[in-house]
Structure formats: structure tokens, C-alpha cells
Amino acid sequence: METSTVLHNEEIIANKKKFSAQTVAICTMAVVIAVMAIMLLVLLTDTKTDDESSISSLLDAPLFDDNGLLAAQSDGRWGFINDKGEWVVNPQFAWVGEFTEQGLCVVRNEEQYGYIGLDGKYIINPIFLDAESFSGNNLAAAQDKETEKWGYINESGEFVISPQFDSAYSFDKEGRAVVEVNEKYGVIGVDGKYIINPQFETDFHFDKPHGTAVVCSGKKYGIIDSQGSYILNPTFLKLSGCYADGYRICISETDKKVRLTDENGEELVSAGFDAFEWYYSISEDDDKEICKKADCTEEIYKNGYCFTHWLLS
654 METSTVLHNE
664 EIIANKKKFS
674 AQTVAICTMA
684 VVIAVMAIML
694 LVLLTDTKTD
704 DESSISSLLD
714 APLFDDNGLL
724 AAQSDGRWGF
734 INDKGEWVVN
744 PQFAWVGEFT
754 EQGLCVVRNE
764 EQYGYIGLDG
774 KYIINPIFLD
784 AESFSGNNLA
794 AAQDKETEKW
804 GYINESGEFV
814 ISPQFDSAYS
824 FDKEGRAVVE
834 VNEKYGVIGV
844 DGKYIINPQF
854 ETDFHFDKPH
864 GTAVVCSGKK
874 YGIIDSQGSY
884 ILNPTFLKLS
894 GCYADGYRIC
904 ISETDKKVRL
914 TDENGEELVS
924 AGFDAFEWYY
934 SISEDDDKEI
944 CKKADCTEEI
954 YKNGYCFTHW
964 LLS
């Protein structure tokens with residue numbers, strides 16, 4: 654009887670120890686999970702803050718265009734719907750752009766580009782190898798099928814600036830367009846005459862409202878005015894466009910550090926940094942440029958592609 658009682662007591666003690674060990678293990682696991690959850694929550698909160706600041710401006714823009722239309726895809730084909738979800742332009746195109754103020758939209762069938770009206774019917778037949786949207790001056794860059802050169806067409810689809818460029822970009826509000834000839838970039842006016850002769854190694858655009866552009870010559874970056882005169886000779890390995898607050902970001906040739914400059918490229922502080930907020934790692938490849946993360950976010954949002962540039966981090 655005593656032996657049985659002792660064994661029974663030992664079994665109770667063993668079970669209690671086992672239960673205690675299990676309890677401790679469960680509590681420890683719960684604490685670990687709680688800590689991990691808190692860390693994840695902090696991480697997500699930080700990420701959300703960064704993402705919100707980069708895309709908040711996108712949410713300020715209307716989803717539907719000025720004509721009340723939204724591009725939509727069905728069974729691999731694109732068309733346009735209204736705010737009731739009804740097809741206004743039936744899905745029939747391989748790709749569609751956006752309708753302009755003139756009510757024209759560049760579209761692609763299986764191989765070529767043309768332009769449709771708000772009713773979905775072709776106004777300019779798909780006869781171009783590639784094409785851009787019409788700009789405010791009623792001209793659009795288009796690639797001729799026969800010569801494979803780029804020129805500019807009017808709303809009737811006629812070339813008013815003959816196909817002669819290796820690549821061409823849309824005209825801005827000031828009536829300037831960047832074009833490429835023999836791997837050099839320059840600027841033309843709406844009359845097709847050169848404002849800035851082709852001489853730069855990469856494409857570029859003019860900043861608003863400063864009216865300056867970052868250009869590359871001799872694998873170095875500088876700043877020009879609207880007429881092509883240098884405000885800052887090419888001295889930097891990399892140089893960003895001008896931000897709304899008047900700052901630029903540069904990569905110095907001497908130590909490859911990141912620095913701030915004013916709108917004219919004058920360095921504001923002597924100290925160099927490895928990175929600034931909003932940027933990914935720098936690439937020294939000749940065909941990479943400095944670009945804001947938010948800019949890429951907007952490009953993805955609007956056109957579904959980006960990341961052709963490396964960023965600072």
C-alpha cells in the first residue's frame with residue numbers, strides 16, 4: 654500500500670513538472686509571438702508611412718478621365734468603360750493610351766498604332782510602327798513604317814514634321830520636343846527647326862518651373878537653359894532634376910558621395926553622404942539616371958512600367 658501511494662505521488666509530481674514545463678513553453682512561445690507581432694506591426698507602420706507619402710499624390714487624381722472613361726481589359730483586350738461599368742469602347746485593342754483633350758487616344762492593334770475617337774472608331778488608321786499621344790499643340794510623335802524614322806503628325810495623320818529622327822518625344826507646353834539623331838539628343842520647335850542641336854548623350858526634359866535641363870556630355874552631367882547654354886558645365890557623375898523646393902541631388906566625381914545642390918548645381922554643403930531618403934542604391938552604369946522613388950511609383954500607376962532607371966538608397 655505504501656509503495657503504491659509513493660508511486661502515485663511521484664506520478665502526480667512528474668505530471669505537475671511536465672505541466673509546468675509545458676506551461677512555461679507555451680508562455681514563452683506566446684511572448685515570442687507577441688514580440689514578433691509588435692515588430693511586424695512597427696515595420697508595417699513604417700512601410701505604410703513611406704508608401705503613403707510616395708503615392709498620396711496619385712490618389713488625389715481622379716480615376717476616370719475628363720471624358721468619364723476608364724481603360725479596362727477583358728480577355729486580354731483593352732477598351733473603355735464608364736462609371737457604371739458599361740463598355741463605351743468595346744475591348745478590342747492590344748494596348749490603349751489615354752484620351753487627350755482633343756478626344757483622341759493612341760491605340761495598338763496586333764502590330765501597328767493608330768488613333769481612335771470617343772466612339773472607339775479609328776480617326777487615324779493604325780499605320781505606324783509606334784506612336785505617342787497628341788500634345789497640347791495638336792502634334793504627336795509617330796514612327797513611319799517605311800523608313801522606321803520618327804516624325805510628327807497632325808490630327809489628320811499627316812506628317813507635318815517629316816520622319817527623320819531615330820527617336821522622338823512629345824512636345825511640352827512651351828512647344829519643345831527632345832529628339833535623337835545618330836545617338837545624340839537635341840530639341841526642336843513645333844516648326845521642326847532645331848532650338849538645340851543634337852549633342853547630348855542621353856535624353857532629357859526641362860524642369861518646371863525653372864526651365865532648365867540636366868544633360869550628359871562626356872559621361873558627365875551639367876545643366877543647360879532653354880536655349881542650350883550651360884548654366885553648369887558637365888562636372889558630376891550623376892545629377893537629378895530640380896525639385897519644387899529648389900534642391901538637386903548630385904554624385905561628386907571626387908569621392909562619389911551624395912550631396913545637395915541648389916537649382917544651379919552649386920553644392921550647398923561640403924559633407925558627403927552615402928544615401929538620402931527615398932532613394933535606392935546608385936549605379937555607375939552610363940545609361941542609369943537619378944530618379945525619385947515617387948516618380949517611379951507614378952509611372953507604374955499610370956503606365957504599368959518603370960524601373961528603367963536605378964535610384965539612390
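Here our numbering runs 653 ahead of the position in the sequence shown, where the first position is 1.
Backbone N, C-alpha and C fix where the C-beta goes; we use that ideal spot for every residue, glycine too.
Source: prediction; values computed, not measured.
Other residues of its chain near residue i: CB distance less than 6 Å, five sequence neighbours each side excluded
| i | result |
| --- | --- |
| GLU785 | ALA793, ALA794 and SER823 |
| PHE752 | ASP718, ASN720 and CYS758 |
| GLU920 | ARG912 and THR914 |
| ASN791 | GLU808 |
| ALA866 | PHE857, PHE859 and ILE877 |
| VAL742 | GLY732, PHE733 and GLY773 |
| ILE970 | Residue 970 is absent from the model: the chain starts at 654 and stops at 966. |
| GLY918 | ILE876 and LEU885 |
Residue i (DSSP reduced to helix, strand or coil)
| i | result |
| --- | --- |
| ASP783 | strand |
| VAL813 | strand |
Range covered by the beta strand (DSSP E) that runs through residue i
| i | result |
| --- | --- |
| GLN726 | 723–727 |
| PHE733 | 730–734 |
| GLU833 | 830–834 |
| VAL759 | 758–761 |
| TYR838 | 837–841 |
| SER809 | Taken as a continuous stretch (DSSP letters only), SER809 belongs to no beta strand (DSSP E), as it is neither H nor E. |
| GLN796 | 793–796 |
| GLN745 | 740–746 |
| TYR766 | 766–769 |
Contacts around residue i, its chain only, beta-carbon distance under 8 Å, and the 5 residues preceding and following it disregarded
| i | result |
| --- | --- |
| ASN850 | GLY839 and GLY881 |
| ARG829 | VAL840, ILE841, GLY842, ILE848, PHE859 and SER879 |
| ASP797 | PHE781, LEU782, TRP803, GLY804, PHE812 and PRO816 |
| GLU836 | ASP819 and GLU854 |
| GLU906 | LYS873, THR888, PHE889 and LEU890 |
| GLY789 | GLU754, PHE824 and LYS826 |
| SER727 | PRO744 |
| GLY756 | ASN720, GLY770 and LEU771 |
| GLU763 | ALA747 |
| TYR883 | GLY875, ILE876 and ILE877 |
Contacts around residue i, its chain only, beta-carbon distance under 7 Å, and the 5 residues preceding and following it disregarded
| i | result |
| --- | --- |
| ILE814 | GLY804, TYR805 and GLY845 |
| ASN886 | GLY875 |
| GLN745 | ARG730 and GLY732 |
| ASP772 | none |
| ASP736 | PHE717 and GLY721 |
| ALA724 | TRP731, PHE733 and VAL749 |
| VAL831 | TYR822, TYR838, VAL840, ASP856, PHE857 and HIS858 |
| HIS863 | CYS895 and GLU916 |
| ILE904 | PHE889, LEU890, LYS891, VAL911 and ILE935 |
Please list the segments of the beta strand (DSSP E) lying wholly inside the segment 846–926, counting only runs of 3 or more residues, in order along the chain. 847–853, 866–870, 873–877, 883–889, 901–904 and 911–914
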